[in-house]
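Asks: In terms of this note's numbering, the sequence shown opens at residue 3 and continues consecutively.
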Amino acid sequence: MTRARVLLLTAALGPLDYRVPRESEAPLGSVVVAPLGPRRLGGVVWEDESFGAPEPVGDNRLRNLYEIVAVPPIQAPLRRLIEWTSDYYLAPPGSVLRMVLPGVAFADARRPIVEYRATGEIPARMTPQRTVALEAIGERQGMVRELAVLAEVSEAVIRGLVQTGALEAVSVSADAPYPEPDPAFAPPDLSDEQTAAAAQLKAAVVAEKFETLLLDGVTGSGKTEVYMEAIAAALDAGKQALVLLPEIALTEPMLTRFAARFGCEPVGWHSGLRSAERRRAWHAIASGDARIVIGARSALFLPYARLGVIVVDEAHETSFKQEDGVHYHARDVAVMRGHFEGLPVVLASATPALESLAMVEAGRYSHIKLPARFGGATLPDLAAIDMRINPPDRGRWLAPPLVDALADRLTKGEQSLLFLNRRGFAPLTLCRTCGHRIQCPNCTAWMVEHRLVHRLACHHCGHVMPPPRLCPECKDEDSLVACGPGVERVADEVILRFPEARVAIVTSDTLWSPAKAAEFVDNVEGGLVDIIIGTQLVTKGYHFPNLTLVGVVDADLGLDGGDLRASERTFQQIAQVAGRAGRGVKPGEVLIQTRVPEAPVMAALVANDRDGFYSAEAAARKHAGAPPYGRFAALVISSEDIDIARGVAKRLGDKAPVAEGLAVYGPAPAPLAMLRGRHRFRLLLHAPRSFDLQGTIREWVGSIDWPSKARLAIDIDPYSFV
Numbered sequence: 003m004t005r006a007r008v009l010l011l012t013a014a015l016g017p018l019d020y021r022v023p024r025e026s027e028a029p030l031g032s033v034v035v036a037p038l039g040p041r042r043l044g045g046v047v048w049e050d051e052s053f054g055a056p057e058p059v060g061d062n063r064l065r066n067l068y069e070i071v072a073v074p075p076i077q078a079p080l081r082r083l084i085e086w087t088s089d090y091y092l093a094p095p096g097s098v099l100r101m102v103l104p105g106v107a108f109a110d111a112r113r114p115i116v117e118y119r120a121t122g123e124i125p126a127r128m129t130p131q132r133t134v135a136l137e138a139i140g141e142r143q144g145m146v147r148e149l150a151v152l153a154e155v156s157e158a159v160i161r162g163l164v165q166t167g168a169l170e171a172v173s174v175s176a177d178a179p180y181p182e183p184d185p186a187f188a189p190p191d192l193s194d195e196q197t198a199a200a201a202q203l204k205a206a207v208v209a210e211k212f213e214t215l216l217l218d219g220v221t222g223s224g225k226t227e228v229y230m231e232a233i234a235a236a237l238d239a240g241k242q243a244l245v246l247l248p249e250i251a252l253t254e255p256m257l258t259r260f261a262a263r264f265g266c267e268p269v270g271w272h273s274g275l276r277s278a279e280r281r282r283a284w285h286a287i288a289s290g291d292a293r294i295v296i297g298a299r300s301a302l303f304l305p306y307a308r309l310g311v312i313v314v315d316e317a318h319e320t321s322f323k324q325e326d327g328v329h330y331h332a333r334d335v336a337v338m339r340g341h342f343e344g345l346p347v348v349l350a351s352a353t354p355a356l357e358s359l360a361m362v363e364a365g366r367y368s369h370i371k372l373p374a375r376f377g378g379a380t381l382p383d384l385a386a387i388d389m390r391i392n393p394p395d396r397g398r399w400l401a402p403p404l405v406d407a408l409a410d411r412l413t414k415g416e417q418s419l420l421f422l423n424r425r426g427f428a429p430l431t432l433c434r435t436c437g438h439r440i441q442c443p444n445c446t447a448w449m450v451e452h453r454l455v456h457r458l459a460c461h462h463c464g465h466v467m468p469p470p471r472l473c474p475e476c477k478d479e480d481s482l483v484a485c486g487p488g489v490e491r492v493a494d495e496v497i498l499r500f501p502e503a504r505v506a507i508v509t510s511d512t513l514w515s516p517a518k519a520a521e522f523v524d525n526v527e528g529g530l531v532d533i534i535i536g537t538q539l540v541t542k543g544y545h546f547p548n549l550t551l552v553g554v555v556d557a558d559l560g561l562d563g564g565d566l567r568a569s570e571r572t573f574q575q576i577a578q579v580a581g582r583a584g585r586g587v588k589p590g591e592v593l594i595q596t597r598v599p600e601a602p603v604m605a606a607l608v609a610n611d612r613d614g615f616y617s618a619e620a621a622a623r624k625h626a627g628a629p630p631y632g633r634f635a636a637l638v639i640s641s642e643d644i645d646i647a648r649g650v651a652k653r654l655g656d657k658a659p660v661a662e663g664l665a666v667y668g669p670a671p672a673p674l675a676m677l678r679g680r681h682r683f684r685l686l687l688h689a690p691r692s693f694d695l696q697g698t699i700r701e702w703v704g705s706i707d708w709p710s711k712a713r714l715a716i717d718i719d720p721y722s723f724v
């Protein structure tokens, strides 16, 4: 081969032609480094006929490839997945390829990485930044850049600590082999129902053909132990297994469970890994040495050498939808990867998405049910607290029946969980004198008070600021008040009512790494926590046998905002958090604070009528032509200049396609009209399932000229409507 067509790691271009140097080979899938102007970019050798088969460049104009990287080629099934993802989600193929080839793919795995850790020595000259850095680093280690990000200081501060001897260099090998998991290490004692379910999953793995299986089991039914048997079957066949989790905070506890089953921890893949860990994991996955991989959604695109099964745990979770960059849904892409690779995909959930149940109804997914909890444990009793009849005391957020139940559990030495899906202390800070509300300077969103760290934070762009002493509008002093509850405010009330209780606040602010999650689990299992107060982070994956009470502080919160999936999400969240209660021998109780107990979703929860709820929800969606029985797509135009954004949106609106069954709404300011300093306008498309939405959008968007200062984000099958 003297020439190669290469897909580069850039969103701006399609594939380009290059010359393969003499005495070199670059077969399809080869990872290469190629010139692009003065730059060197990574890429993959691709089929000539892909991506519209551009006209080949003459041999006399070709530039030589710089390097054929010594890693296994990207196999054809993964290349087909990249093409499908690019085509379905209307994303540049180079952007999709970036998820397959992170920077660590091009680093030599045999060359050690130098990291740094604290020595315990204190520099003779301590500055405030050095103090902050050493406190933040603690016992962690990492590269200079990673430690600087961790401590929120400049790299120069970290290098200064190295020079003074406060940090020492440590050589980390990136090619050390991972231990080999043993499928027969500690097989579980399964119930008859679990055994039957496991047999069906194992048969699918042994068959080595594509199949999607919905593992639908109530909370506490032992779904993890069941799909572990499918993983054991993959290991026996010499294959790899991938388990996707919705939150990285769940990774560490899951690693421990897998170590108990297979004799060693799986390989983790998530944003919390250091560069050395990522490099080691990527190369082990590509070579096939990493036999079991547990990770966040990005683990789906890694180049597995011998993948045998994919498991999507908590498959209903909306966090599997990527909201930045390539707007893909990991659950759906996992099914497509199984299709291209010819392997089974297991979707595990106690509250499956309506989309998954519709596929079961259509006969495209197999349905495996686990209707009872394992070991004789029973589902908790659910009851609604009507906040119109039993309101909390003035300035409080917990209704008297819930307060009494908490006191009862403390007396019995049992644990309780309070769920409120709102981080921070209060969602809004306003001036009691003039009514001014403190808003993010970069977004049309209110700043959320986080009293534990004495900051106001924007949950959309990450902007933080200290709470002002004076009202920014009227300059009145001590006039700012916090409005509404967050988990921190509920925790204050609990501590005030029960000063002897040991309280743990669980949000992404406190469990920001797998290690923090593991510490939390150890504390709860060790009896060091009496009352857990948390967001959706505590609704899934945790098993605490002594937790017998769950209180939902504001069950109506998720029903606001006009989201078409609001009822489904509310049902899933409350059902999941309710499932944390009574997982051991002690019975559980769930109290749901609501102002609309007669709402269908609340009535279904209290009656434990999941099938009735889903049936009614499906009927409503069918009537409205909403997913999964219809399709949506969102086009968001943004710019730092509002006139440019508005003008582009208007031109798009003027050329909106007209077709039978297609409705185009907008353009209009997006519900979040400004995000990260950019003004946003949105057009929303609604069409039947059979409509060629992607082809229509591709032709429509290509019909106008785009100014360089405007951006377009296309979201196929959107989950967020802000």
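Note that beta-carbon positions come from the ideal geometry of N, C-alpha and C, so glycine has one too. Just so it is clear, the structure is predicted and the values come from calculations on it, not from any experiment.
1) Report buried or exposed for N423, applying the criterion of at least 16 other Cβ atoms within 10 angstroms of its Cβ.
2) Leaving out five residues on either side along the sequence, give the residues of the same chain with a beta carbon under 8 Å from the beta carbon of Q242.
3) Scan the region 552-609 and note each continuous beta strand (DSSP E) run of 3 residues or more that stays entirely inside, going in chain order.
4) Give every residue of the same chain whose Cβ lies closer than 7 Å to the Cβ of F167, excluding the five residues on either side of it in the sequence, and list them in chain order.
5) Would you mind listing the alpha helix (DSSP H) stretches within the region 310-380 that are 4+ residues and don't spill past its ends, in chain order?
6) Use the C-beta contact count for F728: other C-beta atoms within 10 angstroms, 16 or more gives buried, fewer gives exposed.
7) For V603, collect the residues of the same chain with a Cβ closer than 6 Å to its Cβ; drop the 5 residues on either side in sequence, then sort them by chain order.
8) Reducing DSSP to helix, strand and coil, say where V22 ends up.
9) Select from C436, L458, K414 and T446 the residue whose C-alpha is nearest the C-alpha of R425.
10) Should G437 go down as buried or exposed, given a rule of 16 or more other Cβ atoms within 10 Å for buried?
11) Which of the three DSSP states, helix, strand or coil, is assigned to M676?
12) Is E85 closer than 8 Å to S32 when the C-beta atoms are compared?
13) Pull up the DSSP beta-bridge partners for P179, would you.
14) Going along the chain, which residues of its own chain have a beta-carbon closer than 7 Å to the beta-carbon of H331, five neighbours each way excluded?
15) Given a threshold of 16 other Cβ atoms within 10 Å of its Cβ, counted over all protein chains shown, does T380 qualify as buried or as exposed?
16) Got a sec, what are the start and stop residues for the alpha helix (DSSP H) D410 sits in?
17) If you draw a straight line from the alpha carbon of H462 to that of G486, how long is it in whole angstroms?
18) Going by DSSP in three states, E141 sits in which element: helix, strand or coil?
19) In its own chain, which residues sit with a C-beta less than 8 Å from the C-beta of M389, not counting the 5 before and 5 after it?
20) Under the three-state reduction of DSSP, which class applies to S641: helix, strand or coil?
21) Below 8 Å on the Cβ atoms is my contact criterion, and I expect S358 with A298 to pass it. Report the Cβ-Cβ distance as a whole number of Å.
22) Which residues in the same chain as L408 place their Cβ atom closer than 6 Å to its Cβ, once the five residues preceding and following it in sequence are excluded?
23) Within 10 angstroms of the Cβ of P709, are there 16 or more other Cβ atoms? Answer buried if so, exposed if not.
24) Which of the three DSSP states, helix, strand or coil, is assigned to T221?
25) Taking 8 Å as the cut-off, decide whether the C-beta atoms of V71 and V34 are in contact.
26) How is P305 classed by DSSP in three states: helix, strand or coil?
27) Apply the 10 Å Cβ neighbour rule to P630 and answer buried if 16 or more other Cβ atoms are within range, or exposed otherwise.
28) In whole angstroms, what separates the C-alpha of R567 from that of V608?
29) Residues in its own chain within less than 8 Å of L217 by CB, not counting five upstream and five downstream?
30) What are the residues that DSSP puts in a beta bridge with R132?
31) Using a Cβ-Cβ distance under 8 Å, would G529 count as near chain D?
32) What is the DSSP secondary structure of S32, counted as helix, strand or coil?
33) Quick check on E154: does DSSP put it in helix, strand or coil?
34) Figure out for me which residue from A484, C433 and K518 has the closest Cα to the Cα of K477.
35) Compare the Cα-Cα distances from V328 to each of E591, E25 and D89 and report the closest residue.
36) Do three or more CB pairs link the region 607-625 to the region 639-655 at distances below 8 Å?
Replies: Inspection of the coordinates gives the following:
1) Burial state of N423 is buried, judged by a 10 Å Cβ sphere holding 16 or more other Cβ atoms.
2) A236, I287, G290, A292, R293, I294, V295, Y306, A307, R308, L309 and G310
3) Segments of the beta strand (DSSP E) lying fully in the region 552-609: 591-596.
4) According to the sequence as given, residue 167 is Gly; it is not Phe. These residues qualify, in order along the chain: T121 and E123.
5) Within the region 310-380, the complete alpha helix (DSSP H) runs of at least 4 residues are 332-343 and 356-363.
6) With the chain running from 3 to 724 in the structure shown, residue 728 is simply not present.
7) S569, T572 and F573
8) coil
9) L458
10) exposed
11) strand
12) no
13) According to DSSP, P179 bridges with nothing at all.
14) Cβ neighbours of H331 within its own chain (closer than 7 Å, five residues either side excluded): F322, K323 and D719.
15) exposed
16) P402 to K414
17) 19 Å
18) coil
19) The beta carbon of M389 is closer than 8 Å to those of A401, Q595, T596 and R597 in its chain, skipping five residues each way along the sequence.
20) DSSP places S641 within a strand segment (E or B) once states are collapsed to three.
21) S358 to A298, Cβ: 20 Å. No contact.
22) S418
23) exposed
24) coil
25) yes
26) coil
27) buried
28) 20 Å
29) A199, L203, K225, V228, Y229, V348, L349, A350, S351, I370 and L372
30) Bridge partners of R132: none, in fact.
31) No chain D is present in this structure, which holds just one protein chain.
32) coil
33) coil
34) C433
35) D89
36) Touching, no.
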